[in-house]
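Residues in the sequence shown are numbered consecutively from 27, following this note's numbering. Positions of the beta carbon are idealized from the N, C-alpha and C atoms, including for glycine. Since the structure is predicted, the reported quantities are computational estimates derived from the model, not experimental observations.
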Amino acid sequence: MRWALVKVSLAVTTMVVVAFAIPLGLVIREMARDRAFSNAEREAAAVAPALSITTDRDQLERVVASAGSDAGMAVHIPASGSAAAVDLGRRRAADADIATVRRLGRASTTEVPGGSTLLQPVALSSGEIAVVEVYVPESEVSNGVATAWAVLAGVGVALVVGSVAVADRLGVRMVRPAQRLAEGAHELGEGKLGARVPEEGPSELRLAAVAFNSMADQVVQLLANERELAADLSHRLRTPLTVLRLNAASLGDGPAAEQTRAAVAQLEREVDAIIRTARDAKPQTAAAGPGAGCDAAEVVRERMAFWSALAEDEGRKWRMAGADRPVRIPVARADLAAALDALLGNVFRHTAEGAAFAVDLHNGEDAVIVLVSDAGPGIPDPEAAMARGRGSGSEGSTGLGLDIVRRLAESTGGDVRIGSSVLGGTEVRIWIQLDGREGAPPRRGHRGSVRRRRPGRSVTAFNRSRSLP
């Protein structure tokens, strides 16, 4: 915008200067020419009274000399009767031009080498027409014109430079607030909630800055309210958790009792973590460092050990594959465990007792695939199931579990897909990109798949190799 204003101002001022300076320069040149010929007419008029009285050569020479123009003035008197023709001074005009002036009886100008001449007719007492010739050199015609053109050029350049400078200052005054507004919006989009914009500049940009700052304040307030609400809701869970912990303590010994007590303890830790995270006013927008991550195989074994007890109680067959060797992924341990718990919890919640399930871990060259499949009825509308808060439509489904899984995958540049499993039910595929941070992860709310280069072993071949024992 700044350079556009400068260019427009330069073009407009240049056109105005050209439109006024050139005609003015031409007028000045014509004025100088008129001044020079007016002086020549006055000199010729000074000789005319003497010619009307006498044609004596000596007297006319004295008159011409007294006029001070003897070098540039000539008098041409035609022959009359016994009197011969008289020519005083240096003749510069052609005989034909002098004869034409005598015949027409009016003054005329003609071009001669080095300038111009004024031919002024004067009536003699004898009735003849004498011609007074006054030489006007070119230097006198153009006297002061070059100086006037130089002054006009200087004024024009000064006007152009001044207009460009003023346009540049106006452009800066308009562009800087717009740049600050764009930078503030970018910072706010990156999670810097303290970003604000100075309310300065033109009135429109000031109003935009006021609206932006008001919006940023409302965003901060809304986030604070959400954090407080999450903390309050999580805090309310402590009372039933305390009851569960007391009841679990009275169950005695045994695998089921230990599993129950471990689940209650983990639930308490999760609630405490939610409260601490909700109370933290700093948004977690930084990417995970190079040392962050976990062993996906270890997390899969741990969570399968937890859910296997419930599976045995419900008579479900289960299988785990690919978790026999370490698999490093750029995901926090707690996040991966939460995602697996969400998917396995959906299996137990939305499939009948006795339905089999499996968890497969596939380590590729640039991605890790986690497949959770079951032998349930399947999901009729996978797109709707991926929508946050909608769930699968069955009772007790909120849709938050799949959203947790999706956000975990997209944080690495991967994605989540829902399809049909080889067991006959639903298969949820989590694609965790190992080196897929080429660009920003997909935006929240984006439901399309992210195309990535597949590892050397295809997912289809991996699916065919799976089978329950």
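Exposure of residue i, with buried meaning 16 or more beta-carbon neighbours within 10 Å
{"i": "TRP457", "result": "buried"}
{"i": "MET330", "result": "buried"}
{"i": "GLU379", "result": "exposed"}
{"i": "TRP29", "result": "exposed"}
{"i": "ASP392", "result": "exposed"}
{"i": "VAL187", "result": "exposed"}
{"i": "ASP243", "result": "exposed"}
{"i": "HIS212", "result": "exposed"}
{"i": "ARG432", "result": "buried"}
{"i": "GLU453", "result": "buried"}
Close Cβ partners of residue i (< 8 Å) along its chain, the five nearest in sequence each way excluded
{"i": "ARG483", "result": "Because the pLDDT of ARG483 is 40, which lies under 50, any placement of that residue in the model is unreliable, and the question is left without a value."}
{"i": "ASP461", "result": "ASP392"}
Contact under 9 Å by Cβ, residue i with residue j
{"i": "ASP113", "j": "VAL101", "result": "yes"}
{"i": "VAL44", "j": "SER189", "result": "no"}
{"i": "ALA366", "j": "VAL326", "result": "The amino acid at residue 366 is misidentified as Ala; the sequence shows Leu. Yes, they are a contact pair."}
{"i": "LEU150", "j": "LEU86", "result": "no"}
{"i": "GLY170", "j": "ALA47", "result": "no"}
{"i": "LEU434", "j": "VAL398", "result": "no"}
{"i": "ARG351", "j": "ALA323", "result": "yes"}
{"i": "LEU130", "j": "PHE63", "result": "no"}
{"i": "ALA133", "j": "ALA72", "result": "no"}
Identity of the residues DSSP links to residue i by a beta bridge
{"i": "LEU144", "result": "THR135 and VAL160"}
{"i": "ALA393", "result": "GLN459"}
{"i": "LEU114", "result": "VAL101"}
{"i": "ALA149", "result": "ILE155"}
{"i": "VAL398", "result": "VAL385 and VAL454"}
{"i": "ARG354", "result": "ASP321"}
Residues near residue i by beta carbon distance below 6 Å, same chain, minus five either side
{"i": "ALA401", "result": "ALA381, ALA382, LEU449, GLY450 and GLY451"}
{"i": "VAL245", "result": "none"}
{"i": "ARG271", "result": "VAL290"}
{"i": "GLY51", "result": "TRP175 and LEU178"}
{"i": "ARG118", "result": "VAL138, THR143 and TYR161"}
Residue i - containing beta strand (DSSP E), residue span
{"i": "GLU453", "result": "452-459"}
{"i": "ARG345", "result": "344-347"}
{"i": "ARG359", "result": "No beta strand (DSSP E) holds ARG359; the alpha helix (DSSP H) holding it covers 359-376."}
{"i": "ARG195", "result": "That residue, ARG195, is in no beta strand (DSSP E); its alpha helix (DSSP H) goes 171-215."}
{"i": "VAL448", "result": "From DSSP, VAL448 is part of no beta strand (DSSP E); its letter is neither H nor E."}
Beta-carbon proximity list for residue i, same chain, < 7 Å, skipping 5 on both sides
{"i": "ASP407", "result": "none"}
{"i": "GLY106", "result": "Looking at the sequence provided, one finds Ser at residue 106 rather than Gly. Same-chain partners within the cutoff: SER152 and GLU154."}
{"i": "ARG222", "result": "GLY210, ASN239 and ALA242"}
{"i": "SER334", "result": "TRP344"}
{"i": "GLU226", "result": "PRO203 and ARG232"}
{"i": "ALA235", "result": "PRO203, LEU207, VAL223, PRO224 and GLU225"}
{"i": "GLY98", "result": "VAL160 and TYR161"}
Any chain C beta carbon closer than 9 Å to residue i
{"i": "ALA363", "result": "Chain labels in this structure do not include chain C; a single protein chain is all it has."}
Residue i, enclosing alpha helix (DSSP H) - first and last residue
{"i": "GLY124", "result": "Checking the sequence shown, residue 124 turns out to be Ile, not Gly. Note, ILE124: alpha helix (DSSP H), 121-130."}
{"i": "ALA411", "result": "408-412"}
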